[in-house]
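Working notes, beginning with the structure itself.
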Amino acid sequence: MATLRTLPDTALDWLRAGQRVAIATVVQTWGSAPCPAGSQMIIAEDGDIEGSVSGGCVEGAVVTEALEAIGARVPRLLTYSVADEDAFSAGLACGGTIRVLVEPVTDQDNDGAAMPVAMLAEIVRTQAHRVPIAYQVNVTTWARQLTVSDTDTPQTMAGETRFDGDVFTLVVNPSPRLVIVGAVHIAQNLAPMAAATGFDPIITDPRSSFATPARFPGLRVICDDTDAALAQIGVDAQTAIVTLGHDPKIDDPAIREGLGAGSFYIGCLGSRRTHAARLDRLRALGLPEDALSRLHGPVGLDIGAKGPAEIAVSILSQLVAARRGRL
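Per the working numbering, the sequence shown starts with residue 9, numbered consecutively.
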């Protein structure tokens with residue numbers, strides 16, 4: 009599932025495979041536009057697409073414009089509105105207005121109008137190091153700048169994607185990580201759903217029969233003791249932790265690490281009785297009540313979930329609420 013943080017990787021892969029590519033970005037919205045500023049779609053010259061700029065409303069029209077931009081190697085700034093007949097024909101009937109910047113990517117010399125492939129490669133490289141970045145483009149001169157944050161708190165750059173006059177600034181923070189402790193059936197449902205909603209899931213379990221790539225295709229799996237696994241990951245404030253192991257030896261080290269690192273969400277599977285026993289164990293280790301009050305147990309929103317898939321939905325719902333400051 010493509011996200012704002014994985015689309016540049018995919019675009020670069022397409023370019024390296026010999027395809028010409030354009031990147032479409034929502035730079036401004038008014039009214040009930042379905043996708044916020046910063047939403048992106050990538051378009052290859054063979055018609056392949058990933059991502060979305062309108063939830064489906066004007067994608068076809070944007071693809072057509074992008075293919076023309078690829079051929080001309082010149083960016084274009086597009087506006088779609090319900091007041092515009094072209095928008096109606098494109099399908100924008102949601103009542104909003106969007107402005108979309110389409111940038112072809114090239115390694116050829118064309119007076120700097122298109123995005124240089126070297127800049128796209130630098131975006132990919134920087135994102136791989138989990139560093140916040142700000143990409144700026146002047147839509148009059150097509151001058152571009154990439155700024156790398158020197159802060160350890162990625163959230164300080166959040167909410168700054170904007171279009172001021174002739175300059176569009178796209179801020180991309182590292183994906184929040186989700187460490188799932190216990191590679192159980194619920195984890196098999198939760199991990200791909202979390203990835204689809206913008207989390208970077210990592211599954212850890214010391215049991216080799218559970219922590220296998222075959223059970224979690226395409227995802228990072230660490231088969232090691234919890235302490236060792238978390239040392240590899242480097243838990244921080246942009247990390248959420250969900251413990252599903254049903255074993256204090258597996259789960260409790262992750263809880264302690266998350267509390268110490270200031271993880272923005274820690275959820276623990278188990279009944280109320282199980283959670284009460286968990287709290288007693290952690291108190292005995294000297295953890296203070298204000299820290300223990302940050303634990304969500306039983307994990308997930310109370311939606312009456314039954315079975316692994318529904319429990320995963322309830323957990324993900326609570327995760328999203330925590331991410332959006334709604335808990």
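Here a beta-carbon is modelled for each residue, glycine too, at the ideal position from N, C-alpha and C.
Where Phe96 and Ser89 are concerned, what is the direct C-alpha to C-alpha distance, given to the nearest angstrom?
With a pLDDT of only 48 at Phe96, under 50, the local geometry of the prediction cannot be trusted, and the value read off the model is given with reservation. For Phe96 and Ser89, the distance between alpha carbons rounds to 8 Å.
Could you pull out every unbroken alpha helix (DSSP H) segment of at least 4 residues lying fully inside the segment 40-111, listed in chain order?
67-80 and 93-98
Are Val192 and Leu252 close, meaning C-beta to C-beta below 7 Å?
yes
Pairs of beta-carbons, one from the segment 34-46 and one from the segment 58-74, closer than 8 Å: are there three or more?
yes
Out of curiosity, what's the CA-to-CA distance linking Val187 and Asp174?
41 Å
Residues of its chain near Pro209, where Cβ-Cβ distance is below 7 Å and the 5 sequence neighbours each way are ignored:
Leu186, Ile188, Ala199, Ala202, Ala203 and Leu227
Give the C-beta separation of Gln144 and Arg152 to the nearest angstrom, bearing in mind that I take them to be a contact with Cβ-Cβ under 8 Å.
7 Å
In this structure, does DSSP put Ile211 in helix, strand or coil?
strand
Excluding the 5 residues flanking Leu15 on each side, which residues of the same chain have their C-beta closer than 7 Å to its C-beta?
Gln48, Ile50, Glu58 and Gly59
Just the Cα atoms here: how many angstroms apart are Gly104 and Thr37?
7 Å
Apply the 10 Å Cβ neighbour rule to Asn146 and answer buried if 16 or more other Cβ atoms are within range, or exposed otherwise.
exposed
Given Ser301 as reference, the closest of Val34, Leu290, Gly26 and Ile311 once Cα atoms are compared:
Leu290
Same chain, Cβ closer than 8 Å to Ile311, neighbours up to 5 away in sequence not counted
Glu318, Val321, Ser322 and Ser325
Anticipated Cβ contact below 8 Å, Ala239 with Ile249, distance rounded
In fact, because the Cβ distance is near 14 Å, the residues do not count as touching under 8 Å.
What span of residues does the beta strand (DSSP E) with Ala142 cover, start to end?
Ile141 to Asn146
Leaving aside the five residues before and after Leu309 along the sequence, list all residues of the same chain whose C-beta is less than 7 Å from its C-beta, in chain order.
Ser322, Ser325 and Gln326
Return the chain-ordered list of same chain residues with a C-beta closer than 8 Å to the C-beta of Ile78, the five sequence neighbours on each side being excluded.
Arg28, Val29, Ala30, Ile51, Glu53 and Pro112
Ala245 to Thr148, Cα distance in whole Å?
39 Å
Tell me whether the beta-carbon of Val34 lies closer than 7 Å to the beta-carbon of Ala45.
yes
Cα-Cα separation between Met165 and Phe176, rounded to whole angstroms
Because Met165 sits at a pLDDT of 43, beneath the cut-off of 50, its placement in the model cannot be relied upon, and the following sentence gives the value as read from the coordinates. Going by the C-alpha atoms only, they are around 15 Å apart.
Status (buried if at least 16 other CB within 10 Å, exposed otherwise) for Pro162:
Since pLDDT at Pro162 reaches only 40, below the 50 mark, its modelled position is unreliable, and no value is offered.
Is the beta carbon of Val110 closer than 7 Å to that of Ala69?
no
For Asp172, the residue or residues it bridges with in DSSP
Val175
Just grab the DSSP bridge partners of Trp38 for me.
Thr105
For Gly266, the first and last residue of its enclosing alpha helix (DSSP H)
Pro256 to Ala269
Determine the contact status of Leu86 and Val108, defining contact as a CB-CB distance below 7 Å.
yes
Is Val229 near Cys276, with beta carbons less than 7 Å apart?
no
Report all residues from its chain with a CB closer than 7 Å to the CB of Asp233; omit the five preceding and five following residues, and keep chain order.
Pro214
Where the alpha helix (DSSP H) through Arg289 begins and ends
Arg280 to Ala292
My guess is that Leu303 and Ile258 are in contact by the Cβ rule of under 8 Å, so how many angstroms apart are they, rounded?
That pair is no contact at about 16 Å.
His193, DSSP secondary structure in three states:
helix
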